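*Asks:* First, the structure itself, so that you have it in front of you.
In my numbering, the protein residues as written are 327 to 1305.
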């Protein structure tokens, strides 16, 4: 019994000890985080950065595309964006009471409300700027003699019963018009209001009575002016949808010479609409709907275009006719605006996707590299767990848990940061001004998934088989496997297909589908193939360099090369791959930004021709005689080049010139020569020396000054012409008749552009041969020019007006600055937003290159520190230690930097023919003038990131050597340490 009790007590004591020990075991995740807090923080920072970029990219694209759509609509004239629903007045077959009732305000308002409720989404209406009413189909003519008649032609008036006039205008004099409920087709006297601008030009005042007649000359109506009103929002749709209601205009009649007459609008009371039935002007009912852009988003644009097309001629038009009448018509230019926006957006998106592919690939490789390096550093630990009975599922679950604890909060923080940083301007369905949240969530979730899976996927597969110690996996002695060779050949085929598709089709002509993805991935595939090739070639120089280094007196060089060659082949490829893709992405993005800048500079120069341009409107009259002298005195002006510009519409062969002596288009009769100039030519008279100096400085069609100074037989002037002008006129002498005088010219030199007329066809001659050579334009060069000072200097050169002189004889000069024209290209949200994406791509590429290098160097830091400590016990000096670590890090850094420069340059050269940056650089209107804008190599984008890699590698090596020297050697010299 005693022996049994003793056994029971011993067994109970053992159970109690086991239970206590099981309770004392710390959780796996907490233990791992406490063991390596620095690595956990660094991994979390990498995931946070990557998640932020993945979530911010779709939000940034949504933001600038939404802003671009809204600005495209609001920046277009109201007459091109307002939605007009019109219906003719009821026919004579309808009883008159019904015709009158259909024109009443209540009937029009009912149609207005039903139409607003029936308009299809995403088309939304700005009710505050929309209006309805009845207007005359044809204007009525004012027969009163006291009305202004510029060319003896009486003015015409459009009558409209615009709704809600009191809410959109301020009465300046009199009162608003009124009408009784008894107005009908027999009503001949009505009241009206006019704007102050109309009253001023048409000599109207409160109490004026207008007698209006129809197109048959019959007296139609008598209109009494009861009030003068001032529009509250003159640029809004209410007043600008039909500008004549706001401000009168002079209309030109189709006559030679042209004759003009006034056209204006009269605002009647809504109750007076039935009176228009008796005017025989085919009055029409109208409903104008101003589009509300505050809730439009980029995702709405395709559906908006389809709905507008349906309203104009589709099922939605039938629905409108059910409301407004069987003959109702919907008209708007909004579909054209949306279509133009979609075309530009599509062209820009194809180029932006290239940047997205580059950064996405670099980020994925960086995360995979981080997981691979962590797995490589824990190989012995995980092998021990496996040998002690750990299952693959259990080990993988523990690794997944410890990475998820870090990655999921970091990805959530990145998503939150992206939502806070990249937001719209409000009003977009609760999604932050049209910026969608779901794509950002998808991006951050993908990053979190990759970050969580990277470590288990790299660490668990090698544990499937129990392996004995097989020696070192040295990079210098590694041989690629067959599977790796097959994978690399597959990637090579994809890269070749991608580059060929991009060079053949380009980004602007790619069709939708997988072909677009293949084209967009071209830079990444090229960098990937180059990286794999360099990884294969990397061991060769290490092997060849190690042999002669072994015969040197010092041991530092040999040790550095031996250490570099003993890097694990499993961990050396990913850092090099990440570095090369990151550097290539940065170089490609920098070249895109450089190409955009060059294209905008060129487009601005083609618009102005110099740093500043001073001219009279359309170069119709000469500038004041003292303008050149005054402009030269303005601060910042370096030089001023005066030119004389005239439009020539007549040319003939010079007298005494034989028809057969010409060549090309110049040979022929005088009739043929005259017909060659059906399109006017810009004749430019210049001073040869000053103008050629300007052309050479601006790089716009430079030529020797002697070309214009030379004279041919018979006083024929040599001329420089644009290609189109030279083709039309040929090389035979031509007689040119212009307001500057009569000259005979022969084209001897052809240039595509010239500063005085950079965008049009031109004919340059020596101004000394012109009868009237006083300049119409001044081309100014200088720095920090001020447009107001230049305008003031030009206006100050005008002679003072006498008391009886008309003000219309001296038009104000027009001043165009190169800097202002250049700044206008960045005002488009689409172009500026895409440019910001590429700027971030450059910064992100450089950042990931730094991260890849740091991860690679820090992964081997403990081993290097131990080696340095042990070598110091053998007599290694501090200087030699720094040199050893620097030389050990040099091969990989040098390969990455040199390879990055080479691969970046090759990628740009390969892909340049297929990438057109015109749509990304300038607006659609200027893209045709600039022409194709292809990629060009930017030296700084290639050199700066590569140089930064070398500097950073040296700095980290020096830092490791300094830190190793400050630490004690006891820990590093422990017996039995396997490092």
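C-beta atoms are modelled at their ideal positions from N, C-alpha and C, and glycine is treated no differently. Bear in mind that the values here come from a model prediction, so they are computed numbers and not experimental data.
Quick check on residue 563: buried or exposed, where buried means 16 or more other Cβ atoms within 10 Å of its Cβ?
*Replies:* That one is buried.
*Asks:* So the candidates are 955, 1078, 1092, 825; which of them puts its Cα closest to the Cα of residue 1013?
*Replies:* Answer by Cα proximity: 1092.
*Asks:* May I ask you to report which of helix, strand or coil DSSP gives residue 522?
*Replies:* Note: residue 522 maps to helix in three-state DSSP.
*Asks:* Tell me which residue opens and which closes the beta strand (DSSP E) that residue 1036 is part of.
*Replies:* Segment: none, residue 1036 is in no beta strand (DSSP E) and carries neither H nor E.
*Asks:* I'd like to check one pair, residue 821 with residue 851: are the Cβ atoms closer than 7 Å?
*Replies:* Yes, the pair counts as a contact, with Cβ atoms nearer than the cut-off.
*Asks:* For residue 964, which residues in the same chain have their Cβ closer than 6 Å to its Cβ, ignoring the five residues on either side in sequence?
*Replies:* Excluding positions up to five away in sequence, the list reads 1107, 1108.
*Asks:* For residue 939, count neighbouring C-beta atoms within 10 Å of its own C-beta (all shown protein chains included) and say buried if the count is 16 or more, exposed if not.
*Replies:* Looking at its Cβ environment, which holds 16 or more other Cβ atoms inside 10 Å, residue 939 is buried.
*Asks:* For residue 1009 and residue 974, which I take to be in contact (beta-carbon distance under 8 Å), what is that distance rounded to the nearest angstrom?
*Replies:* Yes, they are in contact, since the Cβ atoms of residue 1009 and residue 974 sit about 5 Å apart, within 8 Å.
*Asks:* At what residue ranges does the stretch 472-508 contain a whole run of the alpha helix (DSSP H), taking only runs of 4 or more?
*Replies:* List check, alpha helix (DSSP H) in window: 491-494.
*Asks:* Check the C-beta distance from residue 528 over to residue 474 and give it rounded, since I have them as a contact under 8 Å.
*Replies:* Right, their Cβ atoms sit about 6 Å apart.
*Asks:* Just grab the DSSP bridge partners of residue 1190 for me.
*Replies:* DSSP output for residue 1190 lists no bridge partner at all.
*Asks:* How many angstroms separate the CA atom of residue 1236 from the CA atom of residue 1222?
*Replies:* Residue 1236 and residue 1222: Cα-Cα distance of roughly 20 Å.
*Asks:* Sort 945, 1039, 394 by Cα distance to residue 619 and report the nearest one.
*Replies:* Considering only alpha carbons, the answer is 394.
*Asks:* Run through DSSP, which three-state label would residue 537 get?
*Replies:* Residue 537 falls in the strand class under three-state DSSP.
*Asks:* Let me check one thing: in DSSP terms, what residues is residue 1045 bridge-paired to?
*Replies:* Partner(s): 1073.
*Asks:* Apart from the five residues just before and just after residue 730, which ones in its own chain have a Cβ nearer than 6 Å to its Cβ?
*Replies:* Excluding residues within five positions, the ones whose Cβ falls inside 6 Å are 778.
*Asks:* Leaving out five residues on either side along the sequence, give the residues of the same chain with a beta carbon under 8 Å from the beta carbon of residue 1119.
*Replies:* Cβ neighbours of residue 1119 beyond the five flanking positions: 953, 956, 957, 959, 960.
*Asks:* Report yes if the C-beta distance between residue 1064 and residue 945 is below 7 Å; otherwise report no.
*Replies:* Not in contact: residue 1064 and residue 945 (Cβ atoms no closer than 7 Å).
*Asks:* Whose C-alpha, out of 1187, 488, 1180, 1268, is nearest the C-alpha of residue 910?
*Replies:* Residue 1268 is the option with its Cα nearest to residue 910.
*Asks:* For residue 727, which option in 906, 568, 775 has the closest C-alpha, if you only look at C-alpha atoms?
*Replies:* Nearest C-alpha to residue 727: 775.
*Asks:* So, are the CB atoms of residue 1262 and residue 921 less than 7 Å apart?
*Replies:* Contact flag set, yes.
*Asks:* For the beta strand (DSSP E) containing residue 553, name the first residue and the last one.
*Replies:* That run of the beta strand (DSSP E) goes 545-557.
*Asks:* In whole angstroms, give me the CA-to-CA distance for residue 1288 and residue 1208.
*Replies:* About 8 Å.
*Asks:* Using CA coordinates, which residue listed in 856, 846, 887, 1111 is at the minimum distance from residue 865?
*Replies:* For residue 865, the nearest C-alpha among the options comes from 887.
*Asks:* Comparing alpha-carbon positions, which option in 510, 556, 512 lies nearest residue 526?
*Replies:* If we check each option's Cα against that of residue 526, 556 comes out closest.
*Asks:* Measuring alpha carbon to alpha carbon, tell me which of 863, 824, 722 ends up nearest residue 785.
*Replies:* Of the candidates 863, 824, 722, the one whose C-alpha sits nearest the C-alpha of residue 785 is 722.
*Asks:* Are three or more beta carbon pairs between the stretch 641-648 and the stretch 378-394 nearer than 8 Å?
*Replies:* No, the stretch 641-648 does not touch the stretch 378-394.
*Asks:* Residue 1069 and residue 1043 - do their beta-carbons sit closer together than 7 Å?
*Replies:* Against a cut-off of 7 Å, the Cβ pair of residue 1069 and residue 1043 comes out as a contact.
*Asks:* Assign residue 561 to one of two classes, buried (16 or more other C-beta atoms within 10 Å of its C-beta) or exposed (fewer than that).
*Replies:* Residue 561 should be labelled exposed.
*Asks:* Note down, one range per segment and in chain order, each beta strand (DSSP E) of at least 3 residues found wholly within the stretch 682-735.
*Replies:* List check, beta strand (DSSP E) in window: nothing returned.
*Asks:* Pull up the distance between the alpha-carbon of residue 410 and that of residue 615, whole angstroms please.
*Replies:* For residue 410 and residue 615, the distance between alpha carbons rounds to 6 Å.
*Asks:* Cα-Cα, which of 637, 534, 518, 432 is closest to residue 472?
*Replies:* Answer by Cα proximity: 534.
*Asks:* Could you check the C-alpha separation between residue 664 and residue 658 for me, to the nearest Å?
*Replies:* Distance between the alpha carbons of residue 664 and residue 658 is about 11 Å.
*Asks:* Mind checking who residue 613 pairs with in its DSSP beta bridge?
*Replies:* 411, 458.
*Asks:* Is the beta carbon of residue 413 closer than 7 Å to that of residue 654?
*Replies:* A contact, by the Cβ cut-off of 7 Å.
*Asks:* Work out the CA separation of residue 415 and residue 652 for me, nearest whole Å.
*Replies:* Answer to the nearest angstrom: the Cα atoms are 12 Å apart.
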